[in-house]
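Using the working numbering, the first residue of the sequence shown is number 47, and each one after it goes up by one.
All C-beta atoms, glycine included, are put in the ideal place defined by N, C-alpha and C.
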Amino acid sequence: MAIDFSSTAGVPDDPAEARNVRLPAAAPVLEPGAPSDLDLMHGIQAEDPEALSQLYDRYNGIIKALILRVIHNEAEADDLL
Numbered sequence: 047m048a049i050d051f052s053s054t055a056g057v058p059d060d061p062a063e064a065r066n067v068r069l070p071a072a073a074p075v076l077e078p079g080a081p082s083d084l085d086l087m088h089g090i091q092a093e094d095p096e097a098l099s100q101l102y103d104r105y106n107g108i109i110k111a112l113i114l115r116v117i118h119n120e121a122e123a124d125d126l127l
């Protein structure tokens with residue numbers, strides 16, 4: 047079973063309820079042949095913009111959920127992300 051890391055996965059509409067959102071405990075499930083996080087970090091060190099884009103796409107949903115738990119404002123969360 048894959049975990050949904052999309053930007054609104056599991057995030058309630060009411061910001062008051064956001065503090066009760068449980069974040070996924072597992073890392074994202076990678077497609078076969080997808081680069082590891084370490085490979086992407088090496089790519090970022092080598093100034094590869096595609097590596098940064100892939101790492102962002104992989105984790106933006108879980109990071110947004112964490113930001114929403116703290117600030118309870120989706121527009122500001124989008125700005126911070």
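- With a beta-carbon spacing of about 12 angstroms, A80 and G89 fall beyond the 8 angstroms limit used to define contacts.
- When the Cα atoms are used, A92 and L101 turn out to be separated by approximately 14 angstroms.
- By the C-beta density criterion, A123 is buried, having at least 16 other C-beta atoms within 10 angstroms.
- Excluding sequence positions up to five before and after L86, its CB lies within less than 7 angstroms of the CB of A97, Q100, L101, all in the same chain and listed in chain order.
- A direct Cα-Cα distance of roughly 10 angstroms separates R115 from I109.
- Per DSSP, P95 is one residue of the alpha helix (DSSP H) stretching across 95 to 117.
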